[in-house]
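Comments concern the structure below.
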Amino acid sequence: MSDLDAFDRLLTRRHSCRGFLPDPIPEETIERIVATAQKVPSWCNAQPWQVTVTRGAQTDRLRDALFAEASTAAAQPDIPFPTRYGDVYKTRRSTCGWALYEAVGVEKGDRAGSARQMMQNFRLFEAPHFALITTEADLGPYGVLDCGAFVIAFTLAAEALDVASIPQAAVAAYAPFLRDWFDLPEAREVVCGISFGRRDDTHPANGFRTGRVPLDEVLTFKG
Ligand SMILES: Cc1cc2nc3c(=O)[nH]c(=O)nc-3n(C[C@H](O)[C@H](O)[C@H](O)COP(=O)(O)O)c2cc1C
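Under our numbering, think of the first position of the sequence shown as 38, with each following residue one higher.
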């Protein structure tokens with residue numbers, strides 16, 4: 038198999054996992070994932086990502102506290118959230134949202150049901166581990182971009198080791214809480230979290246896959 042075929046197979050295999058088994062991931066496996074993800078390029082090789090991983094009871098304490106925070110506090114992300122999903126973005130967003138709701142049995146119009154599913158973000162989808170990803174504020178949007186590359190590489194390296202994961206921007210809405218919880222300096226901005234562990238294949242939320250738009254919607258040649 039060519040390197041590209043192997044890479045493509047890994048990309049195809051990975052998907053966002055929203056139902057995990059409680060089994061912890063060995064420390065060496067987590068270290069291997071982070072060490073591999075670190076190999077992504079970054080502007081000036083700044084490598085702005087910092088990763089804090091929770092284990093065992095720490096993850097349970099965090100999910101309880103974060104769920105309580107998200108149930109009452111107002112959103113206050115460090116990195117501004119999208120202001121609008123217009124045009125194709127609106128369609129793509131609702132297509133993947135409805136695929137999830139259909140998989141978990143939430144019907145159209147069931148606002149309480151969709152809110153309940155959304156709140157699962159703050160229970161970290163019951164994953165045994167959570168990785169908080171932060172950037173250095175001074176590095177601005179390109180620092181965030183570098184962290185994005187790291188996040189995706191993390192998910193792919195994890196998948197290669199049969200560790201399922203999901204990047205979560207939802208948790209970044211509670212950046213002040215997370216900064217406090219993890220005792221982070223003011224200069225660190227919360228980019229997102231990654232919940233990870235072994236996939237629960239029987240979980241309904243894992244029963245759908247998203248698609249991608251045709252190439253001609255993203256690729257243009259000139260000349
Ligand atoms: C930066 C980033 C943030 C995301 N935040 C969330 C989130 O907060 N909650 C969630 O359920 N999914 C989140 N996702 C997962 C996306 O919904 C998912 O990647 C997308 O629908 C494509 O599906 P796939 O990952 O299964 O291929 C996020 C993905 C990325 C890359």
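Cβ coordinates follow ideal geometry from the N, Cα and C atoms, glycine included.
Note down, in chain order, each residue of its chain lying with its Cβ closer than 6 Å to the Cβ of residue i, except the 5 sequence neighbours on either side.
| i | result |
| --- | --- |
| R235 | L58 and D60 |
| A168 | V88, V90 and I231 |
| T73 | A194 |
| V208 | G230 |
| A190 | A74 and V77 |
Taking 7 Å as the cut-off, is the CB of residue i close to at least one heavy atom of ligand 3?
| i | result |
| --- | --- |
| H52 | Looking for ligand 3 in the displayed structure turns up nothing; the ligands present are ligand 1. |
How about residue i: is its Cβ closer than 7 Å to a heavy atom in ligand 1?
| i | result |
| --- | --- |
| C184 | no |
| R55 | yes |
| I203 | yes |
| T247 | yes |
| C81 | no |
| A206 | yes |
| N158 | yes |
| V188 | yes |
Would you kindly work out how many angstroms separate the C-alpha atoms of residue i and residue j, rounded to a whole number?
| i | j | result |
| --- | --- | --- |
| F233 | G260 | 44 Å |
| A110 | R100 | 15 Å |
| T66 | E223 | 30 Å |
| G146 | A242 | 19 Å |
| R160 | A102 | 9 Å |
| V125 | P119 | 14 Å |
| Q75 | Q84 | 8 Å |
| P178 | E226 | 11 Å |
| L215 | T247 | 29 Å |
| S39 | R50 | 16 Å |
Per DSSP, which residues does residue i bridge with? Please list them.
| i | result |
| --- | --- |
| S202 | S53 and F233 |
| E226 | T172 |
| H166 | F233 |
For residue i, collect the residues of the same chain with a Cβ closer than 7 Å to its Cβ; drop the 5 residues on either side in sequence, then sort them by chain order.
| i | result |
| --- | --- |
| G93 | P61 |
| A262 | The chain is shown from 38 up to 260; residue 262 falls before or after that span and cannot be answered. |
Looking only at its chain, what residues have a beta carbon closer than 8 Å to the beta carbon of residue i, apart from the 5 residues adjacent to it on each side?
| i | result |
| --- | --- |
| A210 | A107, A112, Q113, P114 and F118 |
If contact is defined by three or more beta carbon pairs under 8 Å, each pair taking one atom from either stretch, is the stretch 250 to 259 in contact with the stretch 131 to 138? Fewer than three pairs of CB atoms, one per stretch, sit closer than 8 Å, so the stretch 131 to 138 makes no contact with the stretch 250 to 259.
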